[in-house]
Amino acid sequence: MDPHLHPAIPEAASQHEPPIETDAVIVGAGPVGLFQVFELGLLDIRAHVVDSLAHPGGQCIELYPDKPIYDIPALPVCTGKELTDNLLKQIEPFQPTFHLGQDVVEVQRQADARLLVRTSRGTVFLTRTLFIAAGVGSFQPRTLKAEGIEAFEGSQVFYRVKDPNLFKGRNLVVVGGGDSALDWALHFATSGEHRAESVTLLHRRDGFRAAPASVARMHALCEQYEMQFLIGQISGCESRDGRLAEVKVVGADGVTRRLPLDMLLVFFGLSPKLGPIAEWGLALERKQLVVDTEKFQTSEPGIFAVGDINTYPGKKKLILSGFHEAALAAFGAADYLFPQKKVHLQYTTTSPKLHKVLGVETPVFD
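Going by our numbering, the sequence shown opens with residue 2, and the numbers climb by one from there.
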């Protein structure tokens, strides 16, 4: 790692107290970052957590807090918010310190092998290990390019669903062909609690990047006149009395039609940006951090990467994969931090030591 390569530091950095000395700093408070706290805690490693968002939960909270998740082991279904709440409860015994609303802007190797980590708000850490659980990095939704549409962002045009109640009883147009577009279109077309007055799904072609079952359900609802599907692209918009009244849609036949609406939901995916992470001197492959599969360490000793930010042969971007990576990264960190200490695998079911750490009673079996 080049010790001289780092972005400019805000002036506020010099106004803060001396560095916080710790064994671990986790960059990212999404599900994988939160579970990293738990796995480290089981090995007596306490962590500080930094996240650019003002709240824990990452994409689960920012993009789909009420969207159901079906592939978390032992949880047949849970929302992004429920998953985050459960993870926060699970890590309570380890009392992590959160530093929210700030980005890590500098990482420097020190002479004693520790890492100096500085945030955009001037918080400084001296840590022995660093865990990057930053998802896709700093992400922003890809926006709709149509003249005048930006004036209605946040009032009638949205790129994520934070409050489903906003769309209840409205004439809603959903744009996109991925899972998010299909899932929310189906939700607002059928939900008893948040059902829209009307739902029109708009996509540029009759092909989708979504689950086949969702596509089939959408077509079935269209046949039942519960929603509508149109092929085309938005080319412009019209407003009346300061409000968005309709969008202009160019169809596959080249004809421009006007589509009235109350609300517009756009799901063109995310534009991931690594930001300062790209300047930390770590090995990268297609804007992802290269790690080993033994301990999920990057090209720099003591720096680990878990979740969607990393890459390795056979990588699958699933939350449950990130949980597995966090467990192995914790053991890798324990070996790095305490090379003379034998780290034994213990089970939360039977270990009195772990029960004490977790604040639970050791069960007595007949």
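Note that the Cβ used here is the ideal one computed from N, Cα and C, for glycine as well. Here the structure is a predicted model, which is why all the values come from computation and not from measurement.
Own chain partners of residue i with C-beta closer than 8 Å, once the 5 adjacent residues on each side are dropped
| i | result |
| --- | --- |
| G208 | G178 |
| A211 | G178, G179, D180, A182, L183 and D184 |
| C223 | Q229 and F230 |
Residues of its chain near residue i, where Cβ-Cβ distance is below 6 Å and the 5 sequence neighbours each way are ignored
| i | result |
| --- | --- |
| E239 | A246 and E247 |
| A328 | E40 |
| A182 | V175 and F268 |
Proximity test, residue i beta-carbon vs the ligand FMN heavy atom, cut-off 6 Å
| i | result |
| --- | --- |
| G237 | Among the components modelled here there is no ligand, and therefore nothing to report on the ligand FMN. |
Below-7 Å beta-carbon distance, residue i vs any chain C residue
| i | result |
| --- | --- |
| D180 | Among the chains in the structure shown there is no chain C, since it carries only a single protein chain. |
C-beta atoms of residue i and residue j nearer than 7 Å
| i | j | result |
| --- | --- | --- |
| V38 | P97 | yes |
| L101 | L116 | no |
| L35 | L76 | no |
| G42 | F126 | no |
| N172 | L262 | yes |
| D309 | K318 | yes |
| M264 | Q157 | yes |
| V344 | A335 | yes |
| Q60 | G170 | no |
| E301 | L283 | yes |
Member of the options whose CA lies at the smallest distance from the CA of residue i
| i | options | result |
| --- | --- | --- |
| A253 | L265, F230, V200 and Y71 | F230 |
| V174 | L187, K163 and D164 | L187 |
| F297 | N311, E286 and R287 | N311 |
| E151 | H325, G237 and L346 | G237 |
| T26 | Q347, P314 and D52 | The displayed chain sequence assigns Val, not Thr, to residue 26. The shortest Cα separation from V26 among Q347, P314 and D52 belongs to D52. |
| R196 | P302, G255 and L167 | L167 |
| Y337 | F189, T128, A182 and Q157 | T128 |
| A55 | F189, F99 and A190 | F99 |
| V200 | D184, P213, R206 and A211 | D184 |
| D113 | E22, E362 and E326 | E22 |
| F189 | E18, M219 and I46 | M219 |
| E83 | G315, G31, E194 and H49 | G31 |
Supposed contact pair residue j and residue i - C-beta distance, whole angstroms, cut 8 Å
| i | j | result |
| --- | --- | --- |
| T257 | V267 | The pair is not a contact, with the Cβ atoms about 19 Å apart (cut-off 8 Å). |
| G333 | F305 | 6 Å |
| I232 | A147 | Not really, about 17 Å apart at Cβ, beyond 8 Å. |
| V33 | G323 | 3 Å |
| G270 | R143 | 5 Å |
| D67 | T80 | 5 Å |
| I320 | I73 | 7 Å |
| Q347 | L359 | About 11 Å; that fails the 8 Å criterion. |
Proximal residues to residue i (C-beta, below 7 Å), its chain only, five neighbours per side dropped
| i | result |
| --- | --- |
| T350 | none |
| P11 | Residue placement at P11 is flagged as unreliable, the pLDDT there being 29, under the threshold of 50; a coordinate-derived value is accordingly withheld. |
| S15 | The predicted model places S15 with a pLDDT of 38, which falls under 50 and marks its position as unreliable; any figure quoted below should be read in that light. Within the same chain, S15 has no close Cβ partners at all. |
| E63 | L54 and R161 |
What are the uninterrupted segments assigned as alpha helix (DSSP H) that are 4 or more residues long and contained completely in the region 229 to 299, given in chain order?
-> none
Which parts of the region 11 to 53 are runs of the beta strand (DSSP E), unbroken and 3 residues or longer, counting only runs that do not cross its ends?
-> 21 to 28 and 48 to 52
Could I get the ranges of all uninterrupted alpha helix (DSSP H) runs contained in the region 150 to 221, with 4 residues as the minimum, in chain order?
-> 180 to 191
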